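What follows is a single structure, written as structure tokens, with notes after it.
Take a look at the structure:
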């Protein structure tokens, strides 16, 4: 069923939205973390450092759910780098359960150095505990989500509207999918279908299908790559449409527009992609271009991206995507290189898994260590069943999945030539050269994974079409067209 995104009163039994009760979620399991003998470990840390010529005293101990942080006061004139270089020696001396410790030098806003020792058993942080916390209850934004508890046991929440987009990476089993479910559940507990809408993208076909049928969805959970591209293209169109509405009403953002209207006239839209790597394999240029454009411009229109991947490599999380998504969350990754790709700093390779994460908000230079909130599949089912039981009609926006898409290369065909004699990937190349404002054979070889002769033929075709200038020796050709979409639209009309 087709509907406009300008919201009205919620239809139902009495027209008033009933928010889900916290009783749908499990109480805290009661399992406390096993931290070992804290006083003994503090003494071992001091003696070990002293044996290496570092004078330090454990000034305080912070009890986190996954790690215990020993905050050191160091003598004046002591180099911080000397302490960080002793990480392996301290792990050996303290008999760290995982064989690794993390050193935070210094603790942000303090003149202390933090030594984080993994607990022998962790304390499960339930979503119910987080949603019932005072910091969550006081938060006014409909887009506030629960992340978990930090190393001192304090709840950490974040407003997606201020992020305004977030990139999540971590290996299988590290807690990435659980966090995404906790984010979705946090929003469902706080918002009605006229306040927040979701587009859920699930190439793996198993993570989000449980949410099908809830009234907050703009479209059923998307699993086909072509429909995912259509949804991203629709998101860009909806962003442009909203900017026109703001311009007509003389407002700057979605909050101003809704305030002027006197009610939630436009819902926030949260697009959640569970596995970016699958999309980048299917259509790297289109996906990168759509994500970059939405990340650059969609914040003011109330459209936000939550993108996750278990492969934080440079061909998945490209420089363009990373530059436009300031908030990052890293779970355990396999190497220091992967940690640098997602966070621009090492550390994620030493995380413990099972919800242990590093979070960098846009206004912070150093990551915060958090034990993520846990929500089980049974709890998600209870929440979904509650939302479905309200008999609110599920009204999908058909245009999300029916956007016209450029012709794609044929999967198993060896032919690289289209019906018109042009290269089959010409449209993709046009977008690529306009986006990066450069055109050379080596550039196309790298970006398109094609051979030199094919890249050279494509450049000749681009020159014939007036998109790039003539060859000038070994220099890249000049790109003469700036707006690829405008050019392609004119080309299709001819």
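In the numbering used here, the protein residues as written are 2 to 495.
Don't be surprised by glycine CBs; every beta carbon is placed ideally from N, CA and C.
All figures in this text were calculated on a predicted structure; none of them were measured in a lab.
Per the C-alpha coordinates, the member of 172, 80, 182 and 357 positioned closest to residue 113 is 80. Annotated as distal: residue 131 and residue 115, with beta-carbon spacing of 8 Å or more. The stretch 254–272 makes contact with the stretch 290–306; the number of CB pairs closer than 8 Å reaches 3 or more. Between residue 151 and residue 330, the beta carbon gap of about 13 Å keeps them out of contact (Cβ cut-off 8 Å). Cα atoms of residue 478 and residue 453: separation of roughly 15 Å, rounded to the nearest angstrom.
Its Cα nearest to that of residue 73, the residue 62 stands out among 82, 62, 66 and 26. Per DSSP, reduced to three states, the secondary structure at residue 220 is coil, with no helix or strand assignment.
For residue 271, the pairing in a beta bridge is given by DSSP as 199 and 305. A distance below 7 Å between beta-carbons, with the five flanking residues on each side excluded, links residue 383 to the following residues of its chain, in chain order: 25.
Scanning 155, 194 and 189 for the CA closest to the CA of residue 397 turns up 194. 145 is the residue among 145, 171, 224 and 216 whose C-alpha sits nearest the C-alpha of residue 184. In the displayed model, residue 183 falls within a helix according to three-state DSSP.
Sorting 368, 468 and 456 by C-alpha distance to the C-alpha of residue 110 places 368 at the top. If only complete runs of 4 or more residues are kept, the stretch 38–91 shows the alpha helix (DSSP H) at 39–52 and 81–85, in order along the chain. In the DSSP assignment, residue 104 is bridged to 116. DSSP places residue 236 in the helix class (H, G or I) of the three-state scheme. Within its own chain, the residues whose Cβ lies closer than 6 Å to the Cβ of residue 434, once the five positions on either side in sequence are excluded, are 440 and 480, listed in chain order.
Below 8 Å, too few C-beta pairs join the stretch 276–293 and the stretch 243–255 to call them touching: fewer than three. With a cutoff of 8 Å on beta-carbon distance, residue 298 and residue 358 are scored as not near each other. If the five residues before and after residue 348 are omitted, its C-beta is found closer than 7 Å to the C-beta atoms of 103, 340, 359 and 368, all from its own chain and listed in chain order.
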